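Take a look at the structure below.
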Amino acid sequence: LPAGLIFENDSVVVVPNHTVNVTFSDPNDGTQPVTIIFDFGTFTNGEIINITFNATIADIPENYHRRIIGPNLAELTWNDNDGNPHNDSDVSGNVSVIRLPRLNLTDSVRKTAEPANILPGGFVDYTVSITNLGFAPAFNITVADVLPQYVTYIGNSTFVNGLPGPNPDNISAGPNGTTVITWTNLILQINASETVVVRYAGYLAPEAPYGKDLINTVTVTSYEDEEGTVYPGASAESSFEVLTPVPVLSGPGLLILAGLLAVIATSQLRRKRKQR
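So the numbering used here is basically just the index in the sequence shown, starting at one, shifted up by 230.
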């Protein structure tokens, strides 16, 4: 294998099944070419053996985006019945390395709303986690959230990785009473395998209907790779339920309730005395 590839020993498949001893050189980490030897012993005349195996593109600096890894050379050597040596060889095609950021996978964006139950006139805290699951940095990440009806964004509540962040640069009316808030280039860069956490808050209007689930969706609307190519990102949902208030008695109400309980208790005692 040429440098840049890692031999996956566990992936070797021989069809039809045949005893084979597999050895390979070190280091097998993509930094150096790897020599793989398949020793089959004796073949019967006319027997055809197919060998397949996988090689992984190494995550090393040398494997930059669009790098071309050269062909893989396979050489066959054998002896005939008279002990005469023979050989043959062939080469594969090239491998083109693709290193891109990935903010568009299912697990790239996660979202939560806390608490799960909120009284009208209360507040909701949204948390968005954005993870770059690719092999290159992502740049100029734009985020949009469709706040549900009855929820409004609270100014100056945005935090990025625990630090104060900007307010949305665009707030507009969406369908069915929703509000679309957009942060253009909210995050300038997310490195490969890095997660950035964005938090912001909303206010729940007093007229929000009791028992209603309010669902909203956040989307990484766009991000760029190192060459400035723009890609759409993933989305995630969160929700909370509008809590039904529990009636609370005022001072006079408590006095009235206490009086009623006292009357009921006195009446019960009188009935018991009459029964005796």
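All C-beta atoms in this analysis are idealised placements derived from N, C-alpha and C, irrespective of residue type, glycine included. Just so it is clear, the structure is predicted and the values come from calculations on it, not from any experiment.
Can you tell which of the options has the C-alpha that lies nearest to the C-alpha of residue i?
i    : options                : result
T272 : I281, W308, A288, D318 : W308
R329 : S359, R297, G404       : R297
D375 : T409, N324, P396, T274 : T409
Y433 : S402, Q379, F365       : Q379
V242 : I266, G276, S255       : I266
V327 : S387, G260, V264       : G260
A422 : T412, P291, A233       : P291
D320 : V448, P396, E305       : E305
N293 : N302, S322, I236       : I236
Per DSSP, what kind of secondary structure is residue i in: helix, strand or coil?
i    : result
S338 : helix
G407 : helix
R296 : coil
G432 : strand
N362 : coil
V450 : strand
L303 : strand
T357 : strand
S255 : coil
Between which residues of its own chain and residue i is the CB-CB distance below 7 Å, once the five residues before and five after are set aside?
i    : result
V426 : I360, V390, N391, I417, I420
G407 : Q379
I348 : V354, L434, F470, V472, L473
Between which residues of its own chain and residue i is the CB-CB distance below 6 Å, once the five residues before and five after are set aside?
i    : result
V250 : V244, F268, F270
L363 : R332, L335, S338
D399 : T414
T451 : T372, A374
Tell me which residue opens and which closes the beta strand (DSSP E) that residue i is part of.
i    : result
E437 : Taken as a continuous stretch (DSSP letters only), E437 belongs to no beta strand (DSSP E), as it is neither H nor E.
H248 : Unbroken run through H248: none, as it is neither H nor E.
T282 : 280-287
I267 : 266-269
Leaving out the 5 sequence neighbours to the left and right, which residues in its chain are closer than 8 Å to residue i when beta-carbon positions are compared?
i    : result
I279 : V244, V245, P246, H248, F270, F273
Of all the beta strand (DSSP E) runs that stay within the bounds of the segment 368-398, which reach a length of 3 or more residues? 368-377, 381-383
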